[in-house]
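Working notes, beginning with the structure itself.
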Amino acid sequence: MIESSRLARARRQLVTVVLVGAQAGVALTTTTPAQAQAASPDKEAKRKAGARFKEGEALFQKHAYDEAARAFEEAQAIAPHPSVLLNAINAHMLAGHQARAASS
Numbered sequence: 001m002i003e004s005s006r007l008a009r010a011r012r013q014l015v016t017v018v019l020v021g022a023q024a025g026v027a028l029t030t031t032t033p034a035q036a037q038a039a040s041p042d043k044e045a046k047r048k049a050g051a052r053f054k055e056g057e058a059l060f061q062k063h064a065y066d067e068a069a070r071a072f073e074e075a076q077a078i079a080p081h082p083s084v085l086l087n088a089i090n091a092h093m094l095a096g097h098q099a100r101a102a103s104s
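This is the structure:
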C-alpha cells in the first residue's frame, strides 16, 4: 500500500514537472516585439540580480528551496533572464509548491 501511494505521488510530481516545463518553454519562446525591444537592465541592476542569483544558488545547494526560490524571483524581478526563471521554478517544485512553480 505504501509503495502504491509513493508511486502515485511520484507520478503526480512527474506530470506537474512536465507541465511546468512545457509552460516555461512556451513562456520563454514567446516574446512580443515590445518585449524584444525593451531596454536591458543597466550594469548596477545586473550586478544586483547576479548577487541575488548567487545567493539563490547557495541556498539551493543547502536544500533551502523556499529561500532559494525567493532569491531567484528577486533576481528575475531586477533583471529578467530565462535561466533565473527556470531556477525559481525548480526551487518551487522541490519546496513542494507546484502551483507556485506553474504560475512563475
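Under the numbering used here, think of the first position of the sequence shown as 1, with each following residue one higher. All C-beta atoms in this analysis are idealised placements derived from N, C-alpha and C, irrespective of residue type, glycine included.
Judged by DSSP secondary structure, SER103 falls within the alpha helix (DSSP H) whose first and last residues are 98 to 103.
Straight-line measurement puts the Cα of ALA102 at about 17 Å from the Cα of GLU74. Apart from the 5 residues on each side of it in sequence, ALA69 sits with its Cβ closer than 7 Å to the Cβ of ALA88, ALA91, HIS92 and ALA95 in its chain, given in chain order. Following the DSSP letters along the chain, one finds PRO80 in no alpha helix (DSSP H), marked with neither H nor E.
Assignment of ASP42 by DSSP, reduced to helix, strand and coil, places it in the coil class. In this structure, the CA atom of GLN76 is about 36 Å from the CA atom of SER5.
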